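Participant:
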Amino acid sequence: MINAFLKRRLWLWKNKLVPSIFLFFFMPVVLFLMVSVPLKNIIQYSISGIAYDIWVFPGLIFIVGSIALYPIIYREFFDLRVHKKVLINIALAPYSKSQLVYGSLVVGIIEAIIMTLFAGFLYTYIVSIHMNLLHIAFLLLCLIIYLFLMGNIYILLSISIDAITTMILTSFLLFIFIIFGNAFLIELPFFPPMIETLLKFNPVSYPFRCYQIFISTGAIDWFSFTIQIFIIYILFLLNGFLLKTKLRQ
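For the sequence shown, the working numbering begins at 1 and goes up steadily by one.
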């Protein structure tokens, strides 16, 4: 099933090769120039005393992954469903709806990871960042878990919402929350105490916090990992059920 989804994505890339490659290279560069460059002149050092352009590197990686994954999910579960295109035919395959959700999400995450790796190499070329293999491996692990969690949320919205205007506004609000509410660019202690407390209990921020704990203390927060995996599993089941219900309608 995943192999079939991969071949389909490759076919889509071949048919829109020039704009796809342009966006693939352009998006990380714009993100770096519009976010990292100006903010490092405002926030020169993190609270722990690390230079901002080095501290923000993992956050930019998570943001690139979030942005890269969204259009794939939007097309598969909102655009094709609302306009009654390919999704209905795919749903006739001999797989459960949760398996279809899983297969589409895995392929989307693979594509997002490739773009994220390119952005990471680009950023480390511009800014001198030194990371050992263990830190890189753990960053990728946390990123993959984050993308599974975020991808399921994208799918939940794409299946639940039918109006294009509502989808655009909801996505806009979600991206504001993703960028500023997960300490990717601004550390949580900069927020008022009550908002900081609420954001700390935000499950979407757990993967990034696990990575920060690991690089600062060397410890792995197994409890947070367990919670994330449980939430991802529940969302897979929920999205499968919602997809089945929507296609029946």
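Positions of the beta carbon are idealized from the N, C-alpha and C atoms, including for glycine.
Keep in mind the model is a prediction, meaning the values are calculated, not measured.
Relative to the C-alpha of Q44, which residue among L235, E187 and F223 is closest?
Facilitator: Within the sequence shown, residue 44 is the residue found at index 44, counting from 1. The residue with the shortest Cα to Cα distance from Q44 is E187.
Participant: So the alpha helix (DSSP H) K97 belongs to, where does it begin and stop?
Facilitator: If you number the sequence shown from 1, residue 97 lands on position 97. Per DSSP, K97 belongs to the alpha helix (DSSP H) from K97 to I126.
Participant: Between G120 and L69, which are expected to be in contact by the criterion C-beta below 8 Å, what is the C-beta distance as a whole number of angstroms?
Facilitator: Taking the sequence shown and counting its residues from 1, the one referred to as residue 120 is at position 120. Taking the sequence shown and counting its residues from 1, the one referred to as residue 69 is at position 69. About 16 Å; that fails the 8 Å criterion.
Participant: Beta-carbon within less than 8 Å of L122's beta-carbon, same chain only, minus the 5 sequence neighbours each way: which residues are those?
Facilitator: Position 122 of the sequence shown holds residue 122. Cβ neighbours of L122 beyond the five flanking positions: P28, V29 and F32.
Participant: Do I72 and E111 have their C-beta atoms closer together than 9 Å?
Facilitator: One-based indexing of the sequence shown puts residue 72 at position 72. One-based indexing of the sequence shown puts residue 111 at position 111. For I72 and E111, yes; Cβs fall inside 9 Å.
Participant: Classify G49: buried if its beta carbon has 16 or more other beta carbons within 10 angstroms, exposed otherwise.
Facilitator: Residue mapping note: residue 49 aligns to position 49 of the sequence shown, counting from 1. The residue is exposed, with fewer than 16 neighbouring Cβ atoms inside 10 Å.
Participant: What do you reckon, are the CB atoms on L244 and R81 nearer than 9 Å?
Facilitator: In the sequence shown, the residue the question calls residue 244 occupies position 244. In the sequence shown, the residue the question calls residue 81 occupies position 81. It is worth fixing the name first, because residue 244 is Lys in this sequence and not Leu. Contact flag unset, no.
Participant: Can you give me the C-alpha to C-alpha distance between L23 and G108, rounded to a whole angstrom?
Facilitator: Working through the sequence shown from its first residue, we reach residue 23 at position 23. Working through the sequence shown from its first residue, we reach residue 108 at position 108. Rounded to the nearest angstrom, the two C-alpha atoms are 16 Å apart.
Participant: Going by C-alpha to C-alpha distance, which of I129, Y206 and I136 sits closest to F223?
Facilitator: In the sequence shown, counting from the first residue as 1, residue 223 sits at position 223. If we check each option's Cα against that of F223, Y206 comes out closest.
Participant: Assign A219 to one of three DSSP states: helix, strand, or coil.
Facilitator: Locating residue 219 in the sequence shown gives position 219, where the first residue counts as 1. Coil.
Participant: What residue from P192, Y74, F148 and I129 has the CA that sits closest to P58's CA?
Facilitator: The residue labelled residue 58 in the question sits at position 58 within the sequence shown. When only C-alpha atoms are compared, the closest one is I129.
Participant: Output needed for Y211: all residues of its chain with C-beta closer than 7 Å, excluding positions within five of it in sequence on either side, in chain order.
Facilitator: As a first step, residue 211 is located in the sequence shown; it is residue number 211 there, counting from the start. Cβ within range, chain order: P58, F138, L139 and C142.
Participant: Say the cut is 8 Å; is the CB of H135 nearer than that to a heavy atom of the ligand GDP?
Facilitator: Absence of the ligand GDP is noted for the structure shown, with no ligands found whatsoever.
Participant: Tell me, which residues are paired with Y45 by DSSP?
Facilitator: On the sequence shown, position 45 is the one that residue 45 refers to. Y45 is bridged to A51.
Participant: Which two residues bound the contiguous alpha helix (DSSP H) that contains E196?
Facilitator: On the sequence shown, position 196 is the one that residue 196 refers to. Here the alpha helix (DSSP H) through E196 covers P193 to K200.
Participant: Let's see if you can read the secondary structure: which residues bound the alpha helix (DSSP H) around S171?
Facilitator: The residue you call residue 171 lines up with position 171 of the sequence shown. Note, S171: alpha helix (DSSP H), I164 to F180.
Participant: Just tell me which of I159, V64 and F148 has its CA closest to the CA of I231.
Facilitator: Residue 231 sits at position 231 when you count from the first residue of the sequence shown. Comparing Cα-Cα distances from I231 to each of I159, V64 and F148, the minimum goes to F148.
Participant: For L39 versus Y52, is the C-beta spacing smaller than 9 Å?
Facilitator: As a working note, residue 39 is residue 39 in the sequence shown. As a working note, residue 52 is residue 52 in the sequence shown. Cβ distance < 9 Å, so L39 and Y52 count as in contact.
Participant: Hey, F118 and F25: beta-carbon distance below 9 Å or not?
Facilitator: Within the sequence shown, numbered from 1, the residue matching residue 118 stands at position 118. Within the sequence shown, numbered from 1, the residue matching residue 25 stands at position 25. F25 is positioned such that its CB atom lies closer than 9 Å to that of F118.
Participant: What would DSSP say about M27, mapped onto helix, strand or coil?
Facilitator: For the purposes of this step, residue 27 is identified with residue 27 of the sequence shown, where counting begins at 1. Of the three classes helix, strand and coil, the one that applies to M27 here is helix, per DSSP.
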